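Each remark here refers to the structure printed beneath this line.
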């Protein structure tokens, strides 16, 4: 199974709040977020890890290239490109995700390792088109609410909480290559943002399952670093 990391954002809010490192290199419990994801993905049988970074801060690219040189067990494919949105970043790496299953997330997504392993196992034993990590823990400035039925089949993705919405999107996407035509269509329609891709999957009648995690955090602000460490240490 392939894994993919979108690490091409600007991280402007962290920088404005005094964090000098680029977001992928910010440490949680002494481990850079990009390194943490790479380690977890390898523990979950990664054939290859595709990473996209931007040119705004060359430290991230240099860090990953050093990993590729010094640790030959890291089968990493690196794409360096400035993109206007997460969906555009996904589109840039999609050619390397064409055959089989893959799991995609952004670099600042924090979850428990054991829950992630169970999630990947559940996806690989499922026949669905995609399994989306969800959580009922809401600490997001603009959450994407997930409407699902009693069997956890996803019905819709909503910007405003519906009566039957218990969960929000966790920003971790386990997908089959059957989902990639939707990405291509969204790009042709000049859409952006991963939430619109997720809505596109529903519009294209893809079979999506919600997989609950106890908690998923994004590191957008300086204060989120301590929150993430507290969560992982609890």
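In UniProt numbering, the protein residues as written are 1 to 234. Idealized CB from N, CA, C, for every residue including glycine. Since the structure is predicted, the reported quantities are computational estimates derived from the model, not experimental observations.
Could you pull the DSSP bridge partners for residue i from this structure?
i: residue 212; result: 134
i: residue 53; result: 7, 80
i: residue 156; result: 147
Under 7 angstroms Cβ to Cβ from residue i, same chain only, skipping five residues before and after it: list those, please.
i: residue 17; result: 221, 222
i: residue 19; result: 26, 222
i: residue 22; result: 11, 57, 59, 60
Between the options, which has its C-alpha nearest residue i's C-alpha?
i: residue 103; options: 211, 5, 206, 210; result: 5
i: residue 177; options: 214, 82, 91, 161; result: 91
i: residue 3; options: 116, 84, 217; result: 116
i: residue 79; options: 183, 194, 174, 96; result: 96
i: residue 162; options: 183, 28, 143; result: 143
i: residue 72; options: 49, 201, 112, 94; result: 49
Tell me whether residue i sits in a helix, a strand or coil according to DSSP, three-state version.
i: residue 169; result: strand
i: residue 83; result: coil
i: residue 103; result: strand
i: residue 225; result: helix
i: residue 46; result: coil
i: residue 175; result: strand
If the criterion is Cβ atoms closer than 9 angstroms, does the pair residue i and residue j meet it?
i: residue 63; j: residue 110; result: no
i: residue 123; j: residue 101; result: yes
i: residue 131; j: residue 210; result: yes
i: residue 51; j: residue 77; result: yes
i: residue 170; j: residue 213; result: yes
i: residue 138; j: residue 146; result: no
By Cβ distance, which residues of its chain are closer than 8 angstroms to residue i, with the 5 residues on each side in sequence left out?
i: residue 74; result: 38, 42, 49, 67, 68
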